[in-house]
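Okay, so here's the structure we're looking at.
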Amino acid sequence: MTMNFWLFMIDCILCHNFIFSRFLGNCPFLGVSSKVETATGMGLAVVFVMTLASFFTYLGYYYILVPLKLTYLDTIMFILVIASLVQFVEMFMKKSLKSLYNSLGIYLPLITTNCAVLGVATLNITSGYGLLQSVLNGAFGAVGFLLAIVLMAGVRERLESSNIPKCFKGFPICLITAGLMSMAFMGFSGLVG
Numbered sequence: 002m003t004m005n006f007w008l009f010m011i012d013c014i015l016c017h018n019f020i021f022s023r024f025l026g027n028c029p030f031l032g033v034s035s036k037v038e039t040a041t042g043m044g045l046a047v048v049f050v051m052t053l054a055s056f057f058t059y060l061g062y063y064y065i066l067v068p069l070k071l072t073y074l075d076t077i078m079f080i081l082v083i084a085s086l087v088q089f090v091e092m093f094m095k096k097s098l099k100s101l102y103n104s105l106g107i108y109l110p111l112i113t114t115n116c117a118v119l120g121v122a123t124l125n126i127t128s129g130y131g132l133l134q135s136v137l138n139g140a141f142g143a144v145g146f147l148l149a150i151v152l153m154a155g156v157r158e159r160l161e162s163s164n165i166p167k168c169f170k171g172f173p174i175c176l177i178t179a180g181l182m183s184m185a186f187m188g189f190s191g192l193v194g
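Heads up: the sequence shown begins at 2 in my numbering, then just goes up one per residue.
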């Protein structure tokens with residue numbers, strides 16, 4: 002299967018964005034997007050975990066589960082791989098980036114159950130991607146997640162100082178903003194054929 006690298010990248014980041022197109026990963030998207038700094042940290046952690054998870058789940062699926070005819074255990078294996086990677090990220094952040102670790106709070110371990118990370122592992126297998134396409138899909142999908150969460154954090158920071166009707170303050174305006182951003186990203190859907 003031949004692949005145009007640039008079209009694949011644009012498709013993963015903009016056209017099939019995990020947040021705005023596939024509606025995966027909304028918990029950390031809405032929970033951590035109040036400040037650009039924490040959103041960037043979370044997005045970078047997801048980029049790391051999603052890229053490596055795509056690599057290791059591909060290897061585990063095709064070199065362990067398929068030969069042993071245990072493909073029905075794919076979800077369990079995917080979750081074990083993702084949980085191990087998140088533990089590694091959490092230990093690294095706790096030692097090296099203490100302030101970011103504290104600001105992410107409960108949302109860092111929640112990457113383990115982030116449906117975008119599990120979704121990309123499942124999507125790679127069901128789409129029949131090879132190893133390189135799987136890793137690129139994970140990396141670019143995670144960059145799309147990073148883009149979405151940082152954009153949302155920027156908008157939310159600006160909304161804090163805006164004159165918003167009382168009934169829309171807080172989470173309601175956040176949901177309205179997410180819906181508008183999702184509609185804007187739908188404009189990219191026809192970009193890649």
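Positions of the beta carbon are idealized from the N, C-alpha and C atoms, including for glycine.
Grouping DSSP H, G and I as helix and E and B as strand, with all else coil, what is residue i?
{"i": "S162", "result": "coil"}
{"i": "S100", "result": "helix"}
{"i": "Y63", "result": "helix"}
{"i": "F120", "result": "A small fix is needed here, since residue 120 is Gly in this sequence, not Phe. In the structure shown, G120 sits in a helix (DSSP, three-state: H, G or I)."}
{"i": "L25", "result": "coil"}
{"i": "C81", "result": "Looking at the sequence provided, one finds Leu at residue 81 rather than Cys. Helix, per DSSP."}
{"i": "M2", "result": "No answer about M2 holds up, because its pLDDT of 47 lies below 50 and its placement is not dependable."}
{"i": "P110", "result": "helix"}
{"i": "L192", "result": "coil"}
{"i": "K95", "result": "helix"}
{"i": "M187", "result": "helix"}
{"i": "L74", "result": "helix"}
How close, in whole Å, do the beta carbons of residue i and residue j come, if the pair is a contact with beta carbons under 8 Å?
{"i": "V87", "j": "P110", "result": "6 Å"}
{"i": "Y59", "j": "N125", "result": "6 Å"}
{"i": "I150", "j": "A54", "result": "I150 to A54, Cβ: 18 Å. No contact."}
{"i": "M153", "j": "M182", "result": "7 Å"}
Just how far apart, CA to CA, sit residue i and residue j?
{"i": "M2", "j": "A143", "result": "Caution is warranted here: a pLDDT of 47 is assigned to M2, below 50, making its placement in the model unreliable, and no coordinate value can be reported."}
{"i": "G120", "j": "L176", "result": "22 Å"}
{"i": "G191", "j": "I11", "result": "11 Å"}
{"i": "N138", "j": "G26", "result": "16 Å"}
{"i": "V118", "j": "F24", "result": "12 Å"}
{"i": "G180", "j": "L133", "result": "33 Å"}
{"i": "S163", "j": "L98", "result": "32 Å"}
{"i": "A84", "j": "N115", "result": "10 Å"}
{"i": "L74", "j": "L147", "result": "30 Å"}
{"i": "A140", "j": "T52", "result": "5 Å"}
{"i": "I14", "j": "G145", "result": "4 Å"}
Query raised in the report: Which residue spans inside the stretch 125 to 185 form an unbroken alpha helix (DSSP H) run of at least 4?
Result: For the stretch 125 to 185, whole alpha helix (DSSP H) runs of length 4 or above, ordered along the chain, are 132 to 161.
Report task. Please specify which runs of the beta strand (DSSP E), each continuous and at least 3 residues long, are wholly inside the stretch 12 to 58, giving them in chain order. Result -> Counting whole runs of 3 or more residues, the stretch 12 to 58 contains no beta strand (DSSP E) stretch at all.
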